[in-house]
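In our numbering, the protein residues as written are 2 to 446.
From the three backbone atoms N, C-alpha and C, an ideal C-beta is built for every residue, glycine too.
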Amino acid sequence: RGPVERRGFRVQAADGAAGGPAGAAAGPPWRESCEECAEAVYSSCLAGQALPCRTVAVCGAKGVGKSSVCRLLVNLLLNECPVVAYLDTDCGQPEFTLPGLVSVSLVTDPLTGPPHLHQQEPQRSFFIGDTSPKANPVVYFEAVAELHRWLQEDSAAAVAALVARRGEGLRNARRQVSLPVVVNTHGWIQGLGLDLVADILRLTNPAHVVQLSGGGPREKELPRGHFWAAEGAGGAREGAGHAQIVPLAGLSAAKAPGMATAADHRAMAWLQWVLRLEGGGRAGALESPGQQLERGANALAAAAPYRLPLHALPVSHLFSELPAGEEDMLRALNGMVVGLLAAPAGGGRGGEGGGLPRCLGLGLVRAVQGTPAPELYVLTELGPGALEGVGQLAVGWLELPHALLQGGRFHSPYFCLGAVQAEGSGAGQMKSRNNLLRGSSSGPD
2 RGPVERRGFR VQAADGAAGG PAGAAAGPPW RESCEECAEA VYSSCLAGQA
52 LPCRTVAVCG AKGVGKSSVC RLLVNLLLNE CPVVAYLDTD CGQPEFTLPG
102 LVSVSLVTDP LTGPPHLHQQ EPQRSFFIGD TSPKANPVVY FEAVAELHRW
152 LQEDSAAAVA ALVARRGEGL RNARRQVSLP VVVNTHGWIQ GLGLDLVADI
202 LRLTNPAHVV QLSGGGPREK ELPRGHFWAA EGAGGAREGA GHAQIVPLAG
252 LSAAKAPGMA TAADHRAMAW LQWVLRLEGG GRAGALESPG QQLERGANAL
302 AAAAPYRLPL HALPVSHLFS ELPAGEEDML RALNGMVVGL LAAPAGGGRG
352 GEGGGLPRCL GLGLVRAVQG TPAPELYVLT ELGPGALEGV GQLAVGWLEL
402 PHALLQGGRF HSPYFCLGAV QAEGSGAGQM KSRNNLLRGS SSGPD
């Protein structure tokens, strides 16, 4: 019996069969299909086959259950393997990190709850700066490609070090198997988003691709078959390799009342981060969401920031340009979520001499000071030792939830009466309203 069964967790369908969640459309049951997929991946790991043969990718539209299937696959693989690699390309609802990052993590323990309950430091991560790759798809895909390169070249050494450090405390530590990989993709599957999903599948070349369908309109679902393969002569698909498609019925487009949304998961992830700033641990299981957020707002106001001279590190904006003037730059940075990126060091990649700089963590500019010398006051969970490796700051469009900034016993420094408020810290971007007709096309009065 594996760790999932021992803890009493099982994916159960509404009719009592082991399958998808209640409300899922008709189709192959989740557990049986995932067990077959995990068994095939484990066989490839046992035989020491190449990385693509040991990789399973999960894709589908938003809200169809991709994260749940990924967790189920990880738990099934942990029944036989000591470590599972999790390549998370969903910067909007990541499994182990804060929003706005893509990462690769090594998982050793079963995943038995929502993402904010098992956040961990990834092996490598990159700062995307938004909850969607649409703002800068080139940088996004470059970051995913760098994570895949790490899996190809550096993951074996990282796994060996992890097994040696954990020793007998790691289940299946003595099994000589290659590292299995689970790839989670984003739910933006229209236009450029679908192109990015196809690019990720071509890059990772997984042996198994789990495709989730939510039962919605055809134009809002993934194309059938090996859609990521190039179309050859006669309309045949080429370049899909050995990929086996595993179709699953996902959650329906209409969420059941009380189900957490992606925004809810992001809010809880930020809450856990805020509580770690003050050493407050996790949110209490018996607290209501309102009580948890109130405690988080108090912890955010009470946390002590690091003082950083403005000119000590270069600061860049991923999607725009920062003001040239010193005073204007301080105003622009105040209240912003920033990425703490690695300092370049000659000869390496990924912030170590070339390529994208690695993200070491996130910070919140708690306050700014203009005189006598311009300074930033930054809140972060990184310790002084880790901060020595920070070489630059990056600004994106990430925002903390409004409830963490305006609640508890303290008034937030990021809002004032009469100001134009976005949902969270920083200046929120304007949302496209394509459903509104122009005056000239709205017809006669």
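On the CB-based measure, 16 or more other CB atoms within 10 Å of its CB, does Thr205 come out buried or exposed? buried
Quick one: is Met1 buried, meaning 16 or more other Cβ sit within 10 Å of its Cβ, or exposed? Nothing about residue 1 can be reported from this structure: the residues present for the chain run from 2 to 446 only.
Reduced DSSP secondary structure (H/G/I, E/B, other) of Leu223: In the structure shown, Leu223 falls within a coil segment according to DSSP collapsed to helix, strand and coil.
Leaving out five residues on either side along the sequence, give the residues of the same chain with a beta carbon under 7 Å from the beta carbon of Ala27. The predicted model places Ala27 with a pLDDT of 37, which falls under 50 and marks its position as unreliable, so this point remains unresolved.
What's the call for Pro116, buried or exposed, on a 16-neighbour Cβ count within 10 Å? buried
Considering only the beta carbon of each residue, do Leu88 and Phe128 sit closer than 8 Å? The answer is no: Cβ separation not under 8 Å.
Quick one: grab the DSSP three-state call for Glu376. strand
Are there 16 or more other CB atoms within 10 angstroms of the CB of Asp329, so buried, or fewer, so exposed? Exposed is the call here.
Under the assumption that Leu148 contacts Val108 (Cβ atoms under 8 Å), give the Cβ distance between them as a whole number of angstroms. Going by Cβ atoms, the distance from Leu148 to Val108 rounds to 15 Å, so no, they are not a contact pair.
If you count every other CB in all the chains shown that lies within 10 Å of the CB of Ser34, and 16 or more means buried, which is it? buried
Leaving out five residues on either side along the sequence, give the residues of the same chain with a beta carbon under 8 Å from the beta carbon of Ala387. The beta carbon of Ala387 lies closer than 8 Å to those of Leu361, Gly362 in the same chain, with the five residues before and after it left out.
Ala304 by DSSP, collapsed to three states: which one? coil
Using DSSP with H/G/I as helix, E/B as strand and the rest coil, what is Arg176? In this structure, Arg176 counts as coil in the three-state DSSP scheme.
Between the CA atoms of Gln407 and Ala333 - distance to the nearest angstrom: 20 Å
Contact defined as beta carbons within less than 8 Å: I believe Ser126 pairs with Arg359. What is the distance between those atoms, to the nearest angstrom? About 7 Å separates the two Cβ atoms, so the contact holds.
Inspect the beta-carbon positions of Ser133 and Gly93 and report whether they are closer than 8 Å. Remark: C-beta atoms of Ser133 and Gly93 approach each other more closely than 8 Å.
What does Ile246 pair with, by DSSP beta-bridge criteria? Val210
For Val57, which beta-bridge partners are listed by DSSP? DSSP output for Val57 lists Val183, His209 as bridge partner(s).
DSSP beta-bridge partners for Asp89? Ser104, Asn185
Can you give me the Cβ contacts of Pro207 inside the same chain, cut-off strictly under 7 Å, excluding the 5 residues immediately before and after it? Pro53, Thr56, Val57, Ala58, Val184, Ala244
Where the beta strand (DSSP E) through Leu112 begins and ends: Looking at the DSSP string, Leu112 is not in any beta strand (DSSP E), and its letter there is neither H nor E.
Any chain C beta carbon closer than 8 Å to Ala270: Chain labels in this structure do not include chain C; a single protein chain is all it has.
Using the C-alpha atoms, what's the distance from Leu294 back to Gly397? 24 Å
Which of the three DSSP states, helix, strand or coil, is assigned to Phe320? coil
Can you give me the Cβ contacts of Pro315 inside the same chain, cut-off strictly under 6 Å, excluding the 5 residues immediately before and after it? Gln393
When burial is assigned at 16 or more other CB atoms within 10 Å of the CB, is Phe97 buried or exposed? For Phe97, the number of other beta carbons within 10 angstroms of its own is at least 16, and it is reported as buried.
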